[in-house]
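**Q**
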Amino acid sequence: MGVWLRLLVSGGGSLRGCGGACVPLGGSRLLICRRQFSGAESEALKQRRSQIMSRGLPKQKPIEGVKQVIVVASGKGGVGKSTTAVNLALALAANDSSKAVGLLDVDVYGPSIPKMMNLKGNPELSQSNFMRPLLNYGIACMSMGFLVEETAPLVWRGLMVMSAIEKLLRQVDWGQLDYLVVDMPPGTGDVQLSVSQNIPISGAVIVSTPQDIALMDAHKGAEMFRKVHVPVLGLVQNMSVFQCPKCKHKTHIFGADGARRLARTLDLDILGDIPLHLNIREASDTGQPIVFSQPESDEAKAYLRIATEVVRRLPPPPESFPTCLGNLPGR
């Protein structure tokens, strides 16, 4: 194991519990909780049960210097979540040049941000052993992909993954950011719970194709965020339609308006539709995201509109936020 991985999974901090996934419940207390009470006794019991359930969960703590965190998630892999996260971050910066934007890739097993953002190399360390993000296209980026070889698989058990996530959340010197976009792994497992329970999240964006199989998992993803009290800002319907470049005929390869039906079921909004277009795929594969490389294209404008809708639904940012680590005395 290289020096960067040793730093990530061992030194410089420890994991609290199991990423917040463990909730101890004593047998006798559980029996008491199941009894039926009325009036003041019932209300007191509810409060007591809430206290018991909250034990073992980490206390949320903001990321140093970050005003608002936006997570981009999907229940299923292969629906374009990372492409959406990258272009959303660029679109947030493009819509308002006064805003500082960062991009955090917590997909430990399959990091995509380094390639999509055309970034390579190890992050530098500050005097306090905090990692400094790599920068491209005006976006500060951090990913597990900067710490391991591109083709090297991570054969890790859950505890090592949770330790790595903890350090990606707590040991990165972001400076001062208005928005931190977090590219989540697919699914509703330990990583999603750990991120949701450790840091305050301003809102979640759920990405799905219109396909029924993808929508089933997107539904689960949205419900998971609701259970951990993370506001769901809305759904992005990706790969919504394919238009033949020659005859201009439109084909709904993955079905039509499936995400819109899901949004109505969940009482959520559709933030926007992204077409299935060759330009988006080529731009991502070459490390030149379409919002940066083709800002006047219809595809880029779709991401820009989604960024506008995301900002419109975010709660007001706090009036003040933790001081930038780089500005602290002695750094």
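Residues -20 to -1, 1 to 311 in mature numbering (1 follows the signal peptide of the UniProt record, and there is no 0) are what the sequence shown lists, from first letter to last.
Ideal placement from N, C-alpha and C gives every residue a C-beta, glycine not left out.
1) Less than 8 Å between the C-beta atoms of L246 and A74, yes or no?
2) Our contact map puts G201 next to L248 with C-beta atoms below 8 Å; I'd like the distance itself, whole angstroms only.
3) Tell me the DSSP secondary structure of G201 in three-state form.
4) Only counting the same chain, and skipping five residues up and downstream in sequence, which positions put a Cβ closer than 6 Å to that of P165?
5) Let me make sure I understand the geometry here. Which of E23, S92, V210 has the alpha-carbon closest to that of R267?
6) If you draw a straight line from the C-alpha of P42 to the C-alpha of P211, how long is it?
7) Identify whether A80 lies in helix, strand or coil by the three-state DSSP scheme.
8) Can you give me the Cβ contacts of E289 inside the same chain, cut-off strictly under 6 Å, excluding the 5 residues immediately before and after it?
9) Look at the Cβ atom of V152, then the Cβ atom of F110, and state whether they are nearer than 8 Å.
10) In terms of residues, what are the limits of the alpha helix (DSSP H) holding N75?
11) Since I50 contacts G82 with CB under 8 Å, what's their CB separation in whole angstroms?
12) Do M124 and T168 have their C-beta atoms within less than 8 Å of each other?
13) Can you tell me whether C224 is buried or exposed? The criterion is at least 16 other CB atoms within 10 Å of its CB, across all chains shown.
14) Alpha carbon to alpha carbon, how far is A198 from A239?
15) Within 10 angstroms of its Cβ, does P94 collect 16 or more other Cβ (buried), or is it exposed?
16) Where are the beta strand (DSSP E) runs, 3 residues long or more, that stay fully inside the stretch 167 to 247, in chain order?
17) Determine the closest residue to G138 out of S78, L127, S174, A132, with distance taken between C-alpha atoms.
18) Under 8 Å, do V121 and P113 count as touching if we go by C-beta distance?
19) Contact check, L68 vs A282 under 8 Å by CB: the rounded distance?
20) If we count the other Cβ atoms within 10 Å of its Cβ and call it buried at 16 or more, is E44 buried or exposed?
21) Is it right to say R292 is buried, meaning 16 or more other beta carbons lie within 10 angstroms of its own, or is it exposed?
**A** The relevant details are as follows:
1) Position 266 of the sequence shown, counted from the first residue, corresponds to residue 246. Position 94 of the sequence shown, counted from the first residue, corresponds to residue 74. Their beta carbons are not under 8 Å apart, which means L246 does not touch A74 by this criterion.
2) Along the sequence shown, read from residue 1 onward, the residue named residue 201 stands at position 221. Along the sequence shown, read from residue 1 onward, the residue named residue 248 stands at position 268. The pair is not a contact, with the Cβ atoms about 12 Å apart (cut-off 8 Å).
3) Within the sequence shown, the letter at position 221 stands for residue 201. In this structure, DSSP gives G201 a helical state, which the three-state scheme calls helix.
4) As a position in the sequence shown, residue 165 is number 185, starting the count at 1. If we look at P165 and ignore the five residues flanking it on each side, its Cβ neighbours are D87, V171.
5) The residue labelled residue 267 in the question sits at position 287 within the sequence shown. In the sequence as displayed, the identity of residue 267 is Gly instead of Arg. If we check each option's Cα against that of G267, S92 comes out closest.
6) By one-based count along the sequence shown, residue 42 stands at place 62. By one-based count along the sequence shown, residue 211 stands at place 231. A straight-line Cα-Cα distance of about 16 Å links P42 and P211.
7) The count along the sequence shown starts at 1 and reaches residue 80 at position 100. Reduced to three states, the DSSP call for A80 is coil.
8) The residue you call residue 289 lines up with position 309 of the sequence shown. By the criterion of a C-beta distance shorter than 6 Å, E289 is surrounded in its chain by L251, once the five residues flanking it on both sides are discounted.
9) The sequence position of residue 152 within the sequence shown is 172, counting from 1. The sequence position of residue 110 within the sequence shown is 130, counting from 1. Contact flag set, yes.
10) Reading the sequence shown from its first residue, position 95 is the one you call residue 75. Residues 61 to 75.
11) Locating residue 50 in the sequence shown gives position 70, where the first residue counts as 1. Locating residue 82 in the sequence shown gives position 102, where the first residue counts as 1. Between the beta-carbon of I50 and that of G82 there is about 10 Å, and that puts the pair past the 8 Å contact cut.
12) Counting from 1 along the sequence shown, the entry for residue 124 is found at position 144. Counting from 1 along the sequence shown, the entry for residue 168 is found at position 188. Not closer than 8 Å, so no.
13) On the sequence shown, position 244 is the one that residue 224 refers to. C224 should be labelled exposed.
14) If you number the sequence shown from 1, residue 198 lands on position 218. If you number the sequence shown from 1, residue 239 lands on position 259. Distance between the alpha carbons of A198 and A239 is about 9 Å.
15) Locating residue 94 in the sequence shown gives position 114, counting from the first residue. Counting of Cβ neighbours within 10 angstroms places P94 among the buried residues, the total reaching 16 or more.
16) Segments of the beta strand (DSSP E) lying fully in the stretch 167 to 247: 183 to 188, 212 to 218.
17) Translated into the one-based positions of the sequence shown, residue 138 becomes position 158. That would be S174, whose Cα lies nearest to the Cα of G138.
18) The residue labelled residue 121 in the question sits at position 141 within the sequence shown. The residue labelled residue 113 in the question sits at position 133 within the sequence shown. Checking the sequence, you will find Cys at residue 121 rather than Val. Contact flag set, yes.
19) Locating residue 68 in the sequence shown gives position 88, where the first residue counts as 1. Locating residue 282 in the sequence shown gives position 302, where the first residue counts as 1. Contact doesn't hold; Cβ gap of about 11 Å is too wide.
20) Looking up residue 44 in the sequence shown gives position 64. So E44 counts as buried.
21) If you number the sequence shown from 1, residue 292 lands on position 312. Exposed is the call here.
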